[in-house]
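J.: Dropping the structure in here first, questions after.
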Amino acid sequence: MIHINIKKLGRFSQVGHRITGDRTRQSSRRGKGWGAGWEYVHVAIDDASRVAFSQILPDEKKERAVAFLKAALTYYNTLGITVERVMIDNAPCDVR
0 MIHINIKKLG RFSQVGHRIT GDRTRQSSRR GKGWGAGWEY VHVAIDDASR
50 VAFSQILPDE KKERAVAFLK AALTYYNTLG ITVERVMIDN APCDVR
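Just so you know, the sequence shown maps onto residues 0 to 95 in numbering that gives the first Met the number 0.
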């Protein structure tokens, strides 16, 4: 059995004013052009061996979740691990 979970993480490409002390660029542009947004870490862990497989993806839509599951199953198959069941975290993409 493998456990699948999706974790939403904030994304940014620049260090903020708390580190630099520079508040001159802090204005109504907040979040625009700074690379700000979200990334989703999809993680699968085999219950018996505790071997993990993960990917960072741009969203948690069902198409990406299915592609992740297929990639995880392929990965575990190359290790000789047979997946019989899958436990999910009830993410929106999993329960629709």
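Every residue, glycine too, gets a C-beta built ideally from N, C-alpha and C. On a predicted model such as this, the values are computed, not experimentally measured, just so you know.
Pull the bridge partners of residue 83 from the DSSP assignment, please.
T.: DSSP, once it has assigned bridges, lists no residue as partnering residue 83.
J.: Alpha carbon to alpha carbon, how far is residue 3 from residue 35?
T.: Residue 3 and residue 35: Cα-Cα distance of roughly 26 Å.
J.: For residue 38, which residues does DSSP report across the bridge?
T.: Per DSSP, 8.
J.: Output yes or no for whether 8 Å exceeds the beta carbon distance between residue 1 and residue 46.
T.: For residue 1 and residue 46, yes; Cβs fall inside 8 Å.
J.: Determine the DSSP secondary structure at residue 51, reduced to helix, strand or coil.
T.: Residue state, collapsed to three classes: strand.
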